[in-house]
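> Would you mind keeping the following structure in view while I ask a few things?
Residue numbers (our numbering): 153 to 646.
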C-alpha cells in the first residue's frame with residue numbers, strides 16, 4: 153500500500169517508507185524504536201532485545217526501505233513490531249504474494265518454520281504415483297510433488313480454495329493413506345489369534361425370562377453378531393452404536409454373560425464414576441437373577457476394601473467388573489479376562505483400548521458409543537472395527553424432541569423451566585466442555601448454577617462437576633434422584 157492511513161487495524165501491511173530517527177531504550181529490556189514515514193503518515197518500528205548496530209545497518213537514517221508486518225495502533229500510534237521484511241525497493245520481488253502461517257510450538261518462530269519447510273521442499277522424493285490414473289485424470293489433479301510445493305508456495309488466491317485441484321489432491325492423499333492404515337490394522341486384527349468363547353446360554357435365558365419386556369430385533373441381531381465373533385478363533389473388535397435409550401447396556405450385559413457361562417471374566421469400562429455407578433445399579437438386579445457376582449472398582453476404592461476387591465478379582469470370584477480409569481492400573485489383575493467392553497468409546501484412546509485388552513490373553517473388545525455416526529463415517533473413524541447398530545427403541549420409550557435456542561433467549565428457556573418445575577417435572581442443565589479445560593468447564597457450570605438458583609429459588613437447583621469432593625457430588629445427585637431438587641446443573645461428568 154502507498155500509506156497505512158485509513159487501513160483497518162490490526163492488519164498485515166507492506167509499505168514503502170523513509171527511515172527516520174532511531175531511539176534506543178534506557179534499559180536493556182526497553183524497546184528499540186525506529187521512526188519511519190510513508191507517503192502520508194508516521195509509523196514506529198518496534199524491536200525487543202534488539203542489536204542496535206544491526207538495525208542501523210539494515211535501516212540507515214534517510215534510506216528508502218520496504219517494510220512488511222503486522223501494524224497495530226498503540227496509544228494512537230501506528231506500530232509494526234518486529235517486521236517480517238525490511239528490504240530495499242529493488243528486493244521487492246523476494247517477498248512472496250502469499251505466505252503460509254504454520255502452527256507453532258514454544259521456541260519455534262514462523263521464520264524458522266518457513267526455512268525448515270523450504271529446505272524440506274528441496275528434498276521431496278520423486279515418488280511413483282499411487283492414485284488410480286483414471287481418477288487423477290478425471291479430477292485434473294497435479295502430481296504429488298507439484299501439489300505439495302504449491303500448497304506451501306501458492307501463486308494465486310484460487311490456489312487457496314478448498315476445491316482447488318492442489319488442495320483436493322492432498323486431501324484425497326490423506327484420506328487414502330488413513331484408509332490404507334485402517335485396512336492394514338484391520339487385516340492384522342483379523343489375523344490376531346483370539347480365544348473361542350461359547351456360553352451354553354443358561355444365564356442369558358434366566359435374565360431374559362426375568363425381564364418385563366422382550367429385546368428389540370436390533371438388540372437380538374447385535375447379540376448374534378457378538379456371540380458369533382466371540383465363538384470365532386480370531387479376536388473380536390466390534391463397535392456397538394446406538395442412541396441413548398436404544399438398549400446398549402442390556403446387549404453389553406448379555407455379552408458379558410457369554411464369557412461367564414464359559415468360565416471367564418468380563419469388564420465394563422465407563423468414562424466417569426457416576427456412569428459406572430449407574431451401570432452397577434442397572435445391572436445388579438439382572439446379575440442377581442443370573443447368580444453372577446458383579447463388582448465396582450473406581451478411584452474411590454482405597455486401602456483394605458480395594459485390596460480385597462483386587463484379590464477376589466485375581467481369584468476369579470468376581471465374574472464381571474464395572475470400572476473407571478482405575479481398571480487400567482498395573483495392580484489390577486484378572487483371573488481370566490475374556491471380554492473388555494468400553495462405554496462412550498470417544499472418551500478413551502486407542503492405546504487405552506489396547507491396554508485393557510492386555511489384561512488377559514487374546515481379549516475380545518466391544519466398544520459402545522451413543523454418538524450417532526453414519527456408516528461411512530463409522531468406517532473412517534473406527535475402520536479397524538466391525539460395526540453393529542441399534543436402530544430400534546425398546547417399547548414404551550418416549551420420542552425425543554430437540555430444539556436449538558439462541559443464548560439471547562435464555563430468559564425464555566428459564567421461564568419454560570419454571571413452568572415445568574411447577575408441573576412437578578425435573579431437568580438436567582448440562583454445561584458441556586466448550587474448550588478443553590476442566591477449569592473453564594467448571595466455571596461455566598458454577599456461573600449457570602448461581603443464575604438459575606437466583607431465578608428459581610434456593611433448594612430447587614443442585615450442582616455437580618468433576619472438581620467437587622465425592623461426598624458433595626453424591627449428596628447433590630441423591631437430592632435430585634429423590635426429587636428434593638428439581639434442576640441439576642452439571643458438566644459432562646453426568
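Ideal Cβ positions, reconstructed from N, Cα and C, are used throughout, including at glycine.
What runs of the beta strand (DSSP E), each 3 residues or longer, lie entirely inside the region 366–434?
The qualifying runs are 389–394, 417–421.
> Which residue's Cα is closest to the Cα of residue 469: 447, 457, 565?
Indexing the chain shown from 1 puts residue 469 at position 317. Per the Cα distances, 447.
> Taking the straight line between their C-alpha atoms, what separation do you get for residue 334 and residue 540?
If you number the chain shown from 1, residue 334 lands on position 182. If you number the chain shown from 1, residue 540 lands on position 388. If I take the Cα positions, the gap works out to 18 Å.
> State the start and end residues of the unbroken beta strand (DSSP E) segment that holds residue 222.
In the chain shown, counting from the first residue as 1, residue 222 sits at position 70. That run of the beta strand (DSSP E) goes 216–226.
> With DSSP run on the structure shown, which of helix, strand or coil describes residue 491?
Position 339 of the chain shown, counted from the start, is the residue given in the question as residue 491. Strand at residue 491.
> Is the CB-CB distance between residue 491 and residue 453 below 9 Å?
Here residue 491 refers to the residue found at position 339 when the chain shown is read from its first residue. Here residue 453 refers to the residue found at position 301 when the chain shown is read from its first residue. Cβ distance not < 9 Å, so residue 491 and residue 453 don't count as in contact.
> Among 218, 242, 240, which has the Cα closest to the Cα of residue 232?
What you label residue 232 is simply residue 80 of the chain shown in a count that begins at 1. When only C-alpha atoms are compared, the closest one is 218.
> Would you call the region 432–442 and the region 558–573 in contact, with 3 or more CB pairs under 8 Å?
The region 432–442 is not in contact with the region 558–573.
> Skipping 5 residues on each side, what residues in its chain have a beta carbon closer than 6 Å to that of residue 442?
For the purposes of this step, residue 442 is identified with residue 290 of the chain shown, where counting begins at 1. Counting only Cβ-Cβ distances below 6 Å, and skipping sequence neighbours, we find 355, 358, 359.
> Is it true that the CB of residue 475 sits closer than 9 Å to the CB of residue 428?
The residue you call residue 428 lines up with position 276 of the chain shown. The residue you call residue 475 lines up with position 323 of the chain shown. Going by C-beta atoms, residue 428 is nearer than 9 Å to residue 475.
> Run through DSSP, which three-state label would residue 598 get?
Position 446 of the chain shown, counted from the first residue, corresponds to residue 598. Note: residue 598 maps to helix in three-state DSSP.
> In its own chain, which residues sit with a C-beta less than 8 Å from the C-beta of residue 223, not counting the 5 before and 5 after it?
Within the chain shown, residue 223 is the residue found at index 71, counting from 1. For residue 223, where only same-chain residues beyond five positions count, the Cβ hits under 8 Å are 156, 159, 161, 162, 163, 164, 165, 195, 230, 231, 232.
> If residue 326 and residue 293 are in contact, beta carbons under 8 Å, what's the gap, nearest whole angstrom?
As a working mapping, residue 326 is identified with position 174 in the chain shown. As a working mapping, residue 293 is identified with position 141 in the chain shown. So it is not a contact: roughly 13 Å between Cβ atoms.
> When the Cα atoms are used, what is the spatial distance from residue 276 to residue 298?
Sequence index remark: in the chain shown, residue 276 carries index 124 (1-based). Sequence index remark: in the chain shown, residue 298 carries index 146 (1-based). Near 10 Å, if we compare the C-alpha coordinates of residue 298 and residue 276.
> Leaving out five residues on either side along the sequence, give the residues of the same chain with a beta carbon under 7 Å from the beta carbon of residue 172.
For the purposes of this step, residue 172 is taken as residue 20 along the chain shown, with counting starting at 1. Counting only Cβ-Cβ distances below 7 Å, and skipping sequence neighbours, we find 187, 188, 189, 213.
> Express the C-alpha separation of residue 513 and residue 641 in angstroms, rounding to a whole number.
Counting from one through the chain shown, the residue named residue 641 turns up at place 489. Counting from one through the chain shown, the residue named residue 513 turns up at place 361. Residue 641 and residue 513: Cα-Cα distance of roughly 43 Å.
> Name the two residues that bound the continuous beta strand (DSSP E) containing residue 187.
Locating residue 187 in the chain shown gives position 35, where the first residue counts as 1. Residues 184–189.
> Tell me whether the beta-carbon of residue 371 lies closer than 9 Å to the beta-carbon of residue 408.
To locate residue 371, count along the chain shown from 1; it is residue 219. To locate residue 408, count along the chain shown from 1; it is residue 256. Taking 9 Å as the Cβ cut-off, residue 371 and residue 408 do not qualify as a contacting pair.
> Rank 560, 363, 348, 411 by C-alpha distance to the C-alpha of residue 387 and give the top, closest one.
As a working note, residue 387 is residue 235 in the chain shown. Answer by Cα proximity: 348.
> If you reduce the DSSP assignment to three classes, tell me which class residue 639 lands in.
Counting from 1 along the chain shown, the entry for residue 639 is found at position 487. Residue 639 falls in the strand class under three-state DSSP.
> Can you name the start and end residues of the alpha helix (DSSP H) that residue 632 belongs to?
In the chain shown, counting from the first residue as 1, residue 632 sits at position 480. 622–633 is the span of the alpha helix (DSSP H), which, as asked, contains residue 632.
> How should residue 257 be labelled, buried or exposed, when 16 other C-beta atoms within 10 angstroms of its C-beta is the threshold for buried?
Here the question's residue 257 lines up with position 105 in the chain shown. By the neighbour-count rule (16 or more Cβ atoms within 10 Å), residue 257 is not buried but exposed.
> Between residue 353 and residue 413, what straight-line distance do the alpha-carbon atoms span, to the nearest angstrom?
Counting from one through the chain shown, the residue named residue 353 turns up at place 201. Counting from one through the chain shown, the residue named residue 413 turns up at place 261. Approximately 7 Å between the Cα atoms of the pair.
> Provide the residue(s) that pair with residue 164 in DSSP beta bridges, ordered along the chain.
For this step, residue 164 is matched to residue 12 along the chain shown. Answer is 222, bridged to residue 164.
> Return the bridge partner residues of residue 340 from the DSSP annotation.
Taking the first residue of the chain shown as 1, we reach residue 340 at position 188. In DSSP, residue 340 forms no bridge with anything.
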